[in-house]
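Asks:
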Amino acid sequence: MTQRARTRDVLDQFPAYRPGRSPEDVARELGIDRVVKLASNENPYGPLPGVIEQAVAGATVMNRYPDNGTGLLRETLAARLDVDPASIVTGCGSVGLCQQLVQAVCDAGDAALYGWRSFESYPLFVSVAGARSILVPLRDERYDLDALLDALPAALDDRLRLVFLCNPNNPTGTAVGRAAIERFLDAVPPSVLVVYDEAYREFVRDPEVPDGLDLHRAHPNVAVLRTFSKAYGLAGLRVGYCVAAPEVVEALGKTQVPFAVSTVAQLAAVASLAPEVEQVLAERVADIVTERCRVTEKLRGMGLAVPDSQANFVWLSLGAAAVPFAAACERRGAIVRPFATDGVRVTIGTPEENDVFLGVVEDALAEATG
Ligand SMILES: *Cc1c(COP(=O)(O)O)cnc(C)c1O
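Counting the sequence shown from 1 gives a position; our numbering is that position plus 1129.
1. When DSSP labels each residue in this structure, what does Ala1352 get in the three-state scheme?
2. Determine the DSSP secondary structure at Thr1219, reduced to helix, strand or coil.
3. What are the partner residues of Ser1169, as DSSP defines its beta bridges?
4. Verify whether the separation of the beta carbon atoms of Arg1466 and Ser1438 is less than 8 angstroms.
5. Measure from the alpha carbon of Pro1176 to the alpha carbon of each residue in Pro1148, Arg1334, Thr1301, Ala1394, then state which is nearest.
6. In whole angstroms, what is the alpha-carbon distance linking Pro1266 and Arg1246?
7. Is it the case that the CB of Asp1471 approaches a heavy atom of ligand 1 more closely than 7 angstroms?
8. Quick one: what does DSSP say Ala1241 is sitting in, helix, strand or coil?
9. Taking its Cβ as the centre, do 16 or more other Cβ atoms sit within 10 Å of Thr1301, making it buried, or is it exposed?
10. Using 8 angstroms as the limit for Cβ to Cβ distance, is Leu1177 near chain B?
11. Does the beta-carbon distance from Val1231 to Leu1291 come in below 8 angstroms?
12. Is any heavy atom in ligand 1 found nearer than 7 angstroms to the beta carbon of Ala1237?
13. How many angstroms separate the CA atom of Glu1182 from the CA atom of Ala1434?
14. Inspect the beta-carbon positions of Ala1134 and Pro1375 and report whether they are closer than 8 angstroms.
15. Which of the three DSSP states, helix, strand or coil, is assigned to Pro1282?
16. On a Cα-Cα basis, can you pick out the residue from Asp1416, Glu1204, Asp1275 that is closest to Val1399?
17. Using the C-alpha atoms, what's the distance from Val1212 back to Leu1080?
18. For Tyr1370, write down the residues that DSSP places opposite it in a beta bridge.
19. Enumerate in chain order the residues of its own chain whose CB-to-CB distance from Pro1339 is below 7 angstroms, with the five nearest sequence positions on each side excluded.
20. Is Tyr1251 helix, strand or coil by DSSP?
21. Using alpha carbons as the reference points, say which of Ala1240, Val1305, Pro1252 lies closest to Thr1280.
22. Under 8 angstroms: do the region 1438 to 1453 and the region 1139 to 1155 share three or more Cβ pairs, one atom per stretch?
23. Any idea which residues DSSP pairs Ser1262 with across the strands?
24. Could you check if Cys1371 belongs to the surroundings of ligand 1, using beta carbon to heavy atom distance under 7 angstroms?
25. Terminal residues of the continuous beta strand (DSSP E) containing Leu1294?
26. Would you kindly work out how many angstroms separate the C-alpha atoms of Glu1505 and Pro1453, rounded to a whole number?
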């Protein structure tokens, strides 16, 4: 019998992480010039003006550990958001903070409640903490707040400690409005942490979608997650932040990997918040929103049902055709992200990148469903 290190059974229910293929590798394999990657909700535009210079300045001190308390970034955010610095904590992407939040509130056997399908990291983090996920199916591709409300009493009897509200929701792009969220928050006991994950906040155009900071002010048990990865284009640097009650912030400090945010990332994030670049950010986000509308209309024109997205991606509810459709797109030079048996998420890129995708949809569909 071969001897091997034993890993936890709970991990066996999750597929091994398989990194997406790079456009360069796919292009080489297919023998074509151009492959576009619309699979990870990245920003197609580079960092904002002045950001690379600050990142380089940060890199010159890489022999030193960074400021573990990220004082400069937290103070910059505090001033910007009009929030007490004691209510802000930064992390290794907001996904790092997601994991810290679960570890900060869930003991083994506790429960977390959220809509499904939603962000893939939630079930993994909950299971790794030894806690259980209570999943409430989406309705019409969106978070069903009425069903979450109905699920609440039983979940509370079942040691509910945490709720994830992903708004806009990844991977469907749909968002829910203030009234439904307020009704739900009013019913949640203050001892249960509600994580309001608004990674796509900047792309929201529907005025009914609430700002997480307003929810946090009215309900101190709401923790808001935001990131520099999407609108700000710093996905590769891994920096996000959480606005929460000071006790929650303190608990997050205890579940953090030390020095989680590098000096490079901290200085790049601070530079991204400079008032001089705000206009550039707004224009880039507006371009992506314009493209989101164009891509949605084109896809609907091809007979596809595409829910209204408030994020930088759109969702194609293709069921069993999802995986073959994504494979057929990739063979034609467009890398998109399938979610087994549910659908395909397509990131909004530059107009040219989106045209590459739009140009292959009909053939890829025919191949996937034919
Ligand atoms: C992209 C994303 C994040 C976090 O990304 P980071 O790069 O870790 O900051 C968090 N939540 C959702 C729903 C996302 O889609």
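Backbone N, C-alpha and C define an ideal beta-carbon position, used for all residues, glycine too. Given the structure is predicted, the values throughout are model-derived calculations rather than measurements.
Replies: Concretely, from the data shown:
1. strand
2. strand
3. The partner list for Ser1169 (beta bridge, DSSP) is empty, contrary to what the question assumes.
4. no
5. Ala1394
6. 7 angstroms
7. no
8. strand
9. buried
10. Judged by its chain identifiers, the structure shown contains no chain B, having just a single protein chain.
11. yes
12. no
13. 44 angstroms
14. no
15. helix
16. Glu1204
17. This structure leaves residue 1080 out entirely; the chain is present only between 1130 and 1499.
18. Thr1219, Arg1355
19. Arg1307, Ile1310
20. helix
21. Checking the sequence shown, residue 1280 turns out to be Ala, not Thr. Nearest C-alpha to Ala1280: Ala1240.
22. no
23. Ala1241
24. no
25. 1289 to 1295
26. Coverage of the chain is limited to positions 1130 through 1499, which leaves residue 1505 absent and any answer about it impossible.
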